[in-house]
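**Student:**
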Amino acid sequence: MDGDARINPYLAGNFAPIRSEDDFDLTVKGEIPAAMRGALFRIGPNPQFEPRDPNHHWFGGDGMIHGFYVADGKVGYRNRYVRTPKWELEHEHGRSLFGSFGNPMTTDPLAMGNEGGVANTNIVWHAGKLMALEEGHHPFEVDPKTLDSRGYVRPYGGRVTAHPKLDPKTGEMVWFAYGVGQMPLSAGMSYGVTDKDGKVVRRSDFQAPFACMVHDFMVTENHALFPILPLTASLERAMSGKPAFAWEPEKGSYVGVMRRDADVSTIRWFNTEACYVFHPLNSWEEGDKIFCDVMRYDVAPLFPNADGSPGQKAAARLVRWTFDLAGNSDAIKETPLDDLDGEFPRVDMRVETLKHRHGWYAADPTRSGTVKQSALAHMDFQTGKRQVYELTGGDLTSEPVFVPRSADAPEGDGWLTAVIWRAAENRSDLAIFEAQDIAKGPIAVAEVPRRVPFGFHGNWADLS
Ligand SMILES: [Fe+2]
1 MDGDARINPY LAGNFAPIRS EDDFDLTVKG EIPAAMRGAL FRIGPNPQFE
51 PRDPNHHWFG GDGMIHGFYV ADGKVGYRNR YVRTPKWELE HEHGRSLFGS
101 FGNPMTTDPL AMGNEGGVAN TNIVWHAGKL MALEEGHHPF EVDPKTLDSR
151 GYVRPYGGRV TAHPKLDPKT GEMVWFAYGV GQMPLSAGMS YGVTDKDGKV
201 VRRSDFQAPF ACMVHDFMVT ENHALFPILP LTASLERAMS GKPAFAWEPE
251 KGSYVGVMRR DADVSTIRWF NTEACYVFHP LNSWEEGDKI FCDVMRYDVA
301 PLFPNADGSP GQKAAARLVR WTFDLAGNSD AIKETPLDDL DGEFPRVDMR
351 VETLKHRHGW YAADPTRSGT VKQSALAHMD FQTGKRQVYE LTGGDLTSEP
401 VFVPRSADAP EGDGWLTAVI WRAAENRSDL AIFEAQDIAK GPIAVAEVPR
451 RVPFGFHGNW ADLS
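With the UniProt record's numbering, the residue at position 366 of the sequence shown is 366, and numbering never jumps.
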């Protein structure tokens, strides 16, 4: 980076990439329960080379997987790049070649027309495959033990987002895609289903009310819901040197609701005021009502305004959206659920798409108004009780991931895992908590001898 260039925040501190692929046996402090056996896989952006785009965005870095393998009270750690075609092409040339979000203005002519996927956003275990996911490309399969790259899983017929939902009753992976079609940054969307054996059994295309970044969506036992929120996308804007994605609140917010077994032409568009949601906690239905617990921002953080001016800082809070399918109104009812700032909300995956009692998220008890993950929170929605475990000394946590005590343990009975960056030591720990008693602090900590960069999502897989 030039001496006079501003430091890109996504290349500094614990956002900065690490450039080694390692295998470590971690030192464990405390006691890891003998019954805890499996792997926590986490993924995040980790540019292989210095990005060529001066406005490099966090979302644009090459995917790197961090695997924490837990068995017999011990933890082995392994990290590997996802060797996408982009990674391979840049590796061959020894430098970065692609612009952020495939922007042709900042892409080297050498790379034009090549697959630019980075597989950096989520890592999901489904139908015997461990897949690294990103919003704009096919799922990318890696070996669950070695983390060696196996390549794109092609039968999807096009892009799939990073946030599918796993139906615990049917074993299906329900997913969507946005920006689908001939032109990039379009309003085209897809709804799709992969069956429990990994076969893609449905892909249906439709048009959103406007083109935007659709980071995640909601699924219940019988319905799928598509949030179209005003973090808009525009190829015309991008080609004029302005942001490809920008905050345009005047467009308002829409959520499309359809039955999972119905045609996409039946989507009913509900609406609410301008807001943004990166992540729902979970959703379920009761009779004619659908409930979605989501982390809602008043303003989309991390993105500029349409004229290119910097966007506002913002934090999210947990709210419940209610959709009344029997009512005459298309308005979404919104109820606050919590008063802490938070992100990366998760449930016990065995109740995803069903009514949940417990939820966990990364929180900011100081209510700084930014996305600052300095605590973990547990909400018991039955009792209304909240527990918080606050980090100290500038330490920050990843998304928390729940691990059931056994396959048939009650919902929420198990452990919570989080990767915590220790600011003073510039190093990271895998921390393990009793999931319903996080306030007492971790029952065990496995120390990584170096830092694990801030990333996006993780999931637990029972590999036995
Ligand atoms: Fe996400």
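Beta carbons: idealized from backbone N, C-alpha and C, even for Gly.
1) Return helix, strand or coil for E334, following the three-state DSSP convention.
2) With distance defined between alpha-carbon atoms, name the residue in F270, W175, A435, Q436 nearest to F323.
3) With H, G and I counted as helix, E and B as strand and the rest as coil, what does DSSP make of N14?
4) Suppose the cutoff is 7 Å on Cβ atoms and the five residues either side in sequence are ignored; what does the same chain contact list for D197 look like?
5) First and last residue of the beta strand (DSSP E) that includes K145?
6) Shortest alpha-carbon distance to P301 belongs to which of W460, G342, Y361, D437?
7) Near P442, which residues of its chain fall below 7 Å by C-beta distance, leaving aside the five closest residues on each side in sequence?
8) Is there at least one non-hydrogen atom of ligand 1 closer than 8 Å to the beta-carbon of K397?
9) According to DSSP, Q182 sits in a beta bridge with which residue or residues?
10) Using 8 Å as the cut-off, classify the Cβ of N122 as near or not near the heavy atoms of ligand 1, replying yes or no.
11) Could you give the C-beta distance for L231 and F303, rounded to a whole number, given that I count them as a contact under 8 Å?
12) Considering only their Cβ atoms, is the gap separating A444 from I32 smaller than 9 Å?
13) Nearest-angstrom Cα distance between P184 and T194?
14) Of the choices H279, D53, S96, whose alpha-carbon is the least far from that of H457?
15) Return yes when the C-beta of A162 is under 8 Å from any heavy atom of ligand 1, and no when it is not.
16) Less than 8 Å separating the Cβ of D216 from some heavy atom of ligand 1?
17) Rounded to whole angstroms, what is the Cα-Cα separation between F402 and M239?
18) Is the closest heavy atom of ligand 1 to the C-beta of H57 under 8 Å?
19) Tell me the start and end of each unbroken beta strand (DSSP E) in the region 378–415 that is at least 3 residues and wholly inside, in chain order.
20) What does the alpha-carbon distance come out to for the pair N14 and W247?
21) In chain order, what residues of the same chain lie with their CB nearer than 8 Å to the CB of L396, ignoring the 5 residues before and after it?
22) Is it a yes or a no for the region 378–395 touching the region 323–334, going by three-plus beta-carbon pairs under 8 Å?
**Tutor:** Looking at the coordinates:
1) Strand, per DSSP.
2) F270
3) The three-state secondary structure of N14, taken from DSSP, is helix.
4) Cβ within range, chain order: A127.
5) No beta strand (DSSP E) holds K145; DSSP gives it neither H nor E.
6) Comparing Cα positions, the closest option is G342.
7) G30, A431, I432, F433
8) The residue asked about is misnamed: residue 397 is Thr in this sequence, not Lys. Incorrect: T397 has no Cβ contact closer than 8 Å to ligand 1.
9) Paired residues: none, contrary to the question.
10) yes
11) Contact holds; Cβ gap of about 6 Å.
12) Going by C-beta atoms, I32 is nearer than 9 Å to A444.
13) 25 Å
14) H279
15) Result yes, Cβ under 8 Å from ligand 1.
16) yes
17) 43 Å
18) no
19) 385–390, 401–404
20) Cα atoms of N14 and W247: separation of roughly 26 Å, rounded to the nearest angstrom.
21) Here the set comprises N14, K372, Q373, S374, I420, W421, A423, F454.
22) no
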